[in-house]
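Number of protein chains: 2
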Amino acid sequence: MPVGTAGAVKGISPEQLKETGADIILANTYHLLIRPGVDVVETLGGLHKLMAWDGPILTDSGGYQVFSLSGLTKVNDDGVEFSSHVDGAKIYLNAETATEIQNRLGADIIMCLDECAPSGAGTEQLRKTVERTIRWAERCKEAHSNSKQMLFAIVQGGINPELRTHCACELIKLDFDGYAIGGLSVGEEHEDMIQTVADTTQVLPKEKPRYLMGVGRPIDIIAAVKAGIDMFDCVLPTRNGRNAYAFTENGPIRLRNNAHITDTGPIEADCDCSCCRNFSRGTLRHFFNIGEMLGPILVSLHNLRFYQRLMAKIRELIEKNEFAEWSAEQKNGC
Amino acid sequence: MPVGTAGAVKGISPEQLKETGADIILANTYHLLIRPGVDVVETLGGLHKLMAWDGPILTDSGGYQVFSLSGLTKVNDDGVEFSSHVDGAKIYLNAETATEIQNRLGADIIMCLDECAPSGAGTEQLRKTVERTIRWAERCKEAHSNSKQMLFAIVQGGINPELRTHCACELIKLDFDGYAIGGLSVGEEHEDMIQTVADTTQVLPKEKPRYLMGVGRPIDIIAAVKAGIDMFDCVLPTRNGRNAYAFTENGPIRLRNNAHITDTGPIEADCDCSCCRNFSRGTLRHFFNIGEMLGPILVSLHNLRFYQRLMAKIRELIEKNEFAEWSAEQKNGC
Numbered sequence: 000m001p002v003g004t005a006g007a008v009k010g011i012s013p014e015q016l017k018e019t020g021a022d023i024i025l026a027n028t029y030h031l032l033i034r035p036g037v038d039v040v041e042t043l044g045g046l047h048k049l050m051a052w053d054g055p056i057l058t059d060s061g062g063y064q065v066f067s068l069s070g071l072t073k074v075n076d077d078g079v080e081f082s083s084h085v086d087g088a089k090i091y092l093n094a095e096t097a098t099e100i101q102n103r104l105g106a107d108i109i110m111c112l113d114e115c116a117p118s119g120a121g122t123e124q125l126r127k128t129v130e131r132t133i134r135w136a137e138r139c140k141e142a143h144s145n146s147k148q149m150l151f152a153i154v155q156g157g158i159n160p161e162l163r164t165h166c167a168c169e170l171i172k173l174d175f176d177g178y179a180i181g182g183l184s185v186g187e188e189h190e191d192m193i194q195t196v197a198d199t200t201q202v203l204p205k206e207k208p209r210y211l212m213g214v215g216r217p218i219d220i221i222a223a224v225k226a227g228i229d230m231f232d233c234v235l236p237t238r239n240g241r242n243a244y245a246f247t248e249n250g251p252i253r254l255r256n257n258a259h260i261t262d263t264g265p266i267e268a269d270c271d272c273s274c275c276r277n278f279s280r281g282t283l284r285h286f287f288n289i290g291e292m293l294g295p296i297l298v299s300l301h302n303l304r305f306y307q308r309l310m311a312k313i314r315e316l317i318e319k320n321e322f323a324e325w326s327a328e329q330k331n332g333c
Numbered sequence: 000m001p002v003g004t005a006g007a008v009k010g011i012s013p014e015q016l017k018e019t020g021a022d023i024i025l026a027n028t029y030h031l032l033i034r035p036g037v038d039v040v041e042t043l044g045g046l047h048k049l050m051a052w053d054g055p056i057l058t059d060s061g062g063y064q065v066f067s068l069s070g071l072t073k074v075n076d077d078g079v080e081f082s083s084h085v086d087g088a089k090i091y092l093n094a095e096t097a098t099e100i101q102n103r104l105g106a107d108i109i110m111c112l113d114e115c116a117p118s119g120a121g122t123e124q125l126r127k128t129v130e131r132t133i134r135w136a137e138r139c140k141e142a143h144s145n146s147k148q149m150l151f152a153i154v155q156g157g158i159n160p161e162l163r164t165h166c167a168c169e170l171i172k173l174d175f176d177g178y179a180i181g182g183l184s185v186g187e188e189h190e191d192m193i194q195t196v197a198d199t200t201q202v203l204p205k206e207k208p209r210y211l212m213g214v215g216r217p218i219d220i221i222a223a224v225k226a227g228i229d230m231f232d233c234v235l236p237t238r239n240g241r242n243a244y245a246f247t248e249n250g251p252i253r254l255r256n257n258a259h260i261t262d263t264g265p266i267e268a269d270c271d272c273s274c275c276r277n278f279s280r281g282t283l284r285h286f287f288n289i290g291e292m293l294g295p296i297l298v299s300l301h302n303l304r305f306y307q308r309l310m311a312k313i314r315e316l317i318e319k320n321e322f323a324e325w326s327a328e329q330k331n332g333c
């Protein structure tokens with residue numbers, strides 16, 4: 000899922016986004032709550048109308064951003080008070096309000112409010128966030144009032160296998176439409192992340208979607224699919240694209256480098272994206288050099304297409320029963 | 000002609016540009032000369048390849064930007080020395096080098112180097128720039144070595160009808176592929192500009208294109224067509240678009256205004272552009288409010304389409320012999 004933080008995948012029109020092969024996109028409840036606010040989104044016709052996207056949309060619960068972006072976070076068993084990163088306004092979010100907000104935003108898949116432990120949290124603190132996450136999920140399910148939306152729960156527990164399994168099992172008892180794994184890709188080692196994913200997917204029901212939040216690099220995605228994951232969201236294709244970092248099958252290319260000044264080839268010779276069909280690396284390097292916004296846009300488009308091609312290839316290999324063999328050979332850490 | 004200053008219409012992909020109805024686009028020799036430089040443009044396959052535009056392209060001669068943007072300009076009868084506005088590097092441009100640069104950039108229409116008098120110049124100074132402009136045009140024609148390109152001359156002379164007519168007549172004797180009127184829309188009154196245009200077109204040959212450079216607002220364009228102009232370039236649709244200023248048949252809309260926060264309508268109800276088909280004024284206002292680049296892009300697209308629709312309507316009215324009547328009723332000064 001490309002990330003459309005505050006109602007737009009930065010700089011990308013819905014037509015361009017569709018052309019990358021994207022089916023479903025993600026929007027951030029936290030950002031939309033701050034600006035333009037839920038009332039405004041509702042008045043403007045809901046999130047699909049705001050984003051001009053007629054495909055599925057998933058909204059996160061806001062929990063992750065509250066803990067990572069906002070100031071002065073106070074959390075207790077009921078919910079969390081935080082200050083807007085824009086104007087400092089105090090906002091209170093709990094299971095009921097996070098659900099109501101998402102019910103009103105109108106995405107197709109919404110997420111339970113969860114608590115992310117700070118990185119380096121000890122076992123006792125982790126256990127506390129897991130217990131809160133389970134209780135909040137139960138309350139979210141109770142509060143959920145829009146039957147057109149699927150509700151996913153989020154498994155927490157750091158890289159502690161016992162806590163992850165416990166959290167997953169308790170959430171499964173509550174019977175959600177899908178299960179996400181949150182609180183990973185926050186600084187832990189790749190191997191620890193994948194081990195945690197594997198520990199968790201072992202207990203998750205096979206017939207429900209499994210979603211690894213905020214991941215990741217191609218190498219992370221391939222390993223996580225192997226560990227049983229179906230869905231991902233990540234800002235890397237767009238954020239890196241805006242910073243002149245292009246993903247390719249042979250590793251990353253940094254388009255600001257002088258090496259590309261007179262480079263007449265596209266980012267990837269066999270890529271079918273509108274950037275690679277039309278523009279040379281030399282032109283892209285020129286656009287970044289002069290601050291032309293078409294540079295960030297075009298490389299975002301390439302990277303989004305790169306990720307969509309990667310996922311399409313993975314699906315094809317799984318169908319052909321060739322994924323395990325192929326994935327063992329992949330070393331592209333870009 | 001939309002303006003693609005340094006090889007891109009800011010933020011707009013070639014596919015999006017085509018969808019606005021644009022046939023021909025303009026690029027600035029001065030900007031391309033500074034960055035990425037003529038050698039690089041040539042190595043990357045020329046201007047059409049750089050801009051990924053297979054339709055016609057026109058390059059200006061660089062004269063206007065040299066006099067308006069660069070520092071420490073020294074001008075003599077041969078040419079002009081100036082400092083790059085980017086790094087201060089000294090650059091020398093005369094009739095021969097301006098033509099050679101444009102020959103190598105590879106646009107379909109190129110312009111003679113001209114001298115623009117500073118605004119408020121007296122008659123003697125104006126006369127001097129006119130004489131230089133004529134001599135430089137003669138030398139440009141002599142130097143022009145790419146037979147695939149049309150070469151247009153530029154008429155100068157401030158708002159002095161005698162000097163304009165003199166300049167035009169001398170240039171016509173040299174027989175160019177088309178004639179432009181330069182040095183207008185630089186602060187003079189609308190009526191003075193249109194009178195000067197009318198004085199000049201009176202002597203220009205009917206069978207050659209007449210191009211009014213850097214103009215302008217819809218009201219200027221309508222009056223200039225009435226005065227005999229065929230071609231225009233202007234940054235207003237894109238520059239204003241990037242600043243949340245949208246052109247409509249009922250006058251301008253400023254999309255940052257709070258009045259649009261919950262405005263569910265498009266910029267113009269009967270506009271067929273991708274912005275109006277997909278996004279409400281409320282969403283656009285939100286995008287500008289949060290600094291989302293899709294705001295500037297979408298309003299640029301609307302404004303470019305607005306201008307293309309205006310020009311298409313003018314052409315249609317001329318064919319039907321209804322333009323004079325219609326233009327007398329137009330009061331949209333936006």
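Chains as they are written, first to last, in numbering that gives the first Met the number 0: chain A, 0 to 333; chain B, 0 to 333.
Built from N, CA and C at the ideal position, the CB exists for glycine as well.
Any Cβ of chain A closer than 8 angstroms to the Cβ of B:K73 would place that residue at the interface, and such an atom is absent. Rounded to whole angstroms, the gap between the alpha carbons of B:I218 and A:A243 is 41 angstroms.
Listed as beta-bridge partners of B:V8 by DSSP are no residues whatsoever. If one requires a minimum length of 3 residues, the beta strand (DSSP E) runs lying completely within the region 97-143 of chain B are 108-110, in chain order. Interface criterion met: the Cβ of B:F286 is under 8 angstroms from a Cβ in chain A.
Assigned with DSSP and collapsed to three states, B:E188 falls in coil, not helix or strand. Judged by beta-carbon spacing, B:F151 lies within the 8 angstroms limit of B:A179, meaning their Cβ atoms are closer than that value. With respect to chain B, the C-beta atom of A:P13 has a partner C-beta closer than 8 angstroms.
In the structure shown, the three-state DSSP call for B:F81 is strand.
B:E137 is a Cβ neighbour of B:L173, given a cutoff of 8 angstroms.
Here DSSP, grouped into helix, strand and coil, assigns B:A179 to strand.
Here B:K147 is exposed: its Cβ has fewer than 16 other Cβ atoms, across all protein chains shown, within 10 Å. The C-beta distance from B:S184 to B:P236 rounds to 15 angstroms, too long to meet the 8 angstroms contact threshold. Rounded to whole angstroms, the separation of the alpha carbons of A:E80 and A:G290 is 39 angstroms. Annotation for B:K89: E80 and S82 place their beta carbon closer than 7 angstroms to its own, counting only its chain and skipping 5 residues before and after. Here A:F287 is not bridged, per DSSP, to any residue. In the DSSP assignment, A:R34 falls outside any beta strand (DSSP E) and carries neither an H nor an E. Of A:Q201, A:L203, A:T164 and A:I153, the smallest CA-CA separation from A:G182 is found for A:I153. Among the bridge pairs identified by DSSP, A:A152 is matched with A:Y178. With fewer than 16 other Cβ atoms inside 10 Å of its own Cβ, B:C168 counts as exposed. Neighbours of B:F278 across chain A, judged by C-beta separation under 7 angstroms: A51. In the three-state scheme derived from DSSP, where H, G and I count as helix and E and B as strand, A:A327 is classed as helix.
Under the three-state reduction of DSSP output, A:M310 falls in the helix class. Neighbourhood of A:G87 in chain B, by CB distance below 9 angstroms: empty, with the nearest CB roughly 16 angstroms away. Annotation: the continuous beta strand (DSSP E) that includes A:T58 extends over I56 to T58. For the C-beta of B:V39, the chain A residues within less than 8 angstroms are, from N- to C-terminus, I260, T261, G281 and H285. Cα atoms of A:L297 and A:R304: separation of roughly 11 angstroms, rounded to the nearest angstrom. For B:R34, the neighbours in chain A by C-beta distance under 8 angstroms run, in chain order, H285, N288 and I289.
Counting only runs of 4 or more residues that sit fully inside the region 231-287 of chain A, the alpha helix (DSSP H) segments are 235-241 and 273-277, in chain order.
Among the residues facing chain A, B:G44 is included, as its CB has a counterpart in that chain under 8 angstroms away. One Cα belongs to A:K319, the other to A:W325, and the distance between them is close to 11 angstroms. Here B:A106 is buried: its Cβ has 16 or more other Cβ atoms, across all protein chains shown, within 10 Å. Taking a Cβ-Cβ threshold of 9 angstroms, none of the residues of chain A is close to B:I100; the smallest such distance is about 16 angstroms.
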